[in-house]
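For the sequence shown, the residue numbers in the working numbering are 6 to 231.
Glycine is no exception: its CB is placed at the ideal position from the N, C-alpha and C atoms.
On a predicted model such as this, the values are computed, not experimentally measured, just so you know.
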Amino acid sequence: MFMDISIDAIKKGEYADKLLIYLAAPFFNEEQIYLVKSVTDFLENLENVIVYSPMRDGGILNQDATDAECDRVYDDNINAISSVNLVVALVDYKDSGTTFEIGFAAALGIPVVGVALKPDSIMNVMLSRSFSVYCKNFDILSEFVLSYRSLYISSTFTMMDIQKMKDQFKQEMEDYKKYIRDKQEEFSKRSSDLDDMHQKHIDAATKKFEKLASYKYDTIYKGKTQ
């Protein structure tokens, strides 16, 4: 269930072996709610598929919803669309919110599957040209989603391997930098110890010189003056 995972986890690639789908659809009456639930269940029964349903995961707003509540739902849905691999849109009802979600996904380059189950559905050209595929029944929807899932996951594994290599290289560089820092600290400590030892020798030599100078003064110069 999409609501059990975080957008940050998706962006980090933790769900790269799953096909993430955003279900764009209205849910303002019993017929629409039933259809949304049916399509959500249908898609989630497919292997390695996770669905974001605004009705379930984004939350339903009442007419007296506050601006803060509206902002939260809007941001959650926008972030979800931006994070998925595919948008499935139920377009029988010509809902303005669904139309916006289709356009937003298309602008981001995210494939959109249009689903029209009613035989008399007529599509606007701007809407229909936003679809990667147009489905009239669940069989076509299932066939496309499964094909796209296989294609996406196989290509993602290659991307995951590349990312893994990048992460490994990054870790090796961090280890190397730490090694250099440790050596520098060790050298600095040795230098400090050498400096201390050198200073001790200087102090000892200075004391010997002062003692010798004092002796010479006492025995030679001081003796001559007496």
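Using a Cβ-Cβ cut-off of 6 Å (strictly less than) and excluding sequence neighbours within five positions of residue i, which residues of its own chain qualify?
i	result
Gly63	Val78, Asp81, Asn82
Leu25	Ile55, Val89, Asn90
Glu191	none
Asn2	The first residue shown for the chain is 6 and the last is 231, placing residue 2 beyond what the model contains.
Lys229	At Lys229 the pLDDT is 47, less than 50, meaning the model places this residue with poor confidence and gives no usable figure here.
Met128	none
Once the 5 residues before and after residue i are set aside, which same chain residues still bring their CB inside 7 Å of it?
i	result
Leu66	Glu74, Cys75, Val78
From which residue to which residue does the alpha helix (DSSP H) around residue i run?
i	result
Leu48	35-49
What are the start and end residues of the beta strand (DSSP E) that includes residue i?
i	result
Tyr27	24-29
Ile65	From DSSP, Ile65 is part of no beta strand (DSSP E); its letter is neither H nor E.
Using the three-state DSSP reduction, which class does residue i fall into: helix, strand or coil?
i	result
Tyr20	coil
Ile55	strand
Tyr157	helix
Select from the options the residue whose C-alpha is nearest the C-alpha of residue i.
i	options	result
Phe149	Tyr20, Val93, Ser133	Val93
Val117	Tyr98, Leu151, Ala70, Gly108	Gly108
Tyr98	Lys183, Gln37, Ile10, Asp180	Gln37
Leu151	Leu48, Lys183, Asp100	Leu48
Asn34	Ala110, Ile185, Asp100, Glu106	Asp100
Cys140	Lys123, Met131, Ala111, Arg154	Lys123
Ser133	Ala111, Thr45, Leu146, Tyr39	Ala111
Val120	Asp172, Arg186, Asp46, Ala30	Ala30
For residue i, which residues in the same chain have their Cβ closer than 8 Å to its Cβ, ignoring the five residues on either side in sequence?
i	result
Asp144	none
Gln4	Because the chain here runs from 6 to 231, residue 4 falls outside it and cannot be looked at.
Ser126	Val96, Asp97
Taking only heavy atoms of the ligand NAD into account, decide whether any of them is closer than 7 Å to the Cβ of residue i.
i	result
Ile10	The ligand NAD is not part of this structure, which contains no ligands at all.
Q: Could you name each continuous beta strand (DSSP E) segment of 3 residues or more that falls completely within the stretch 82-133, going from the start of the chain to the end?
A: 91-95, 117-120
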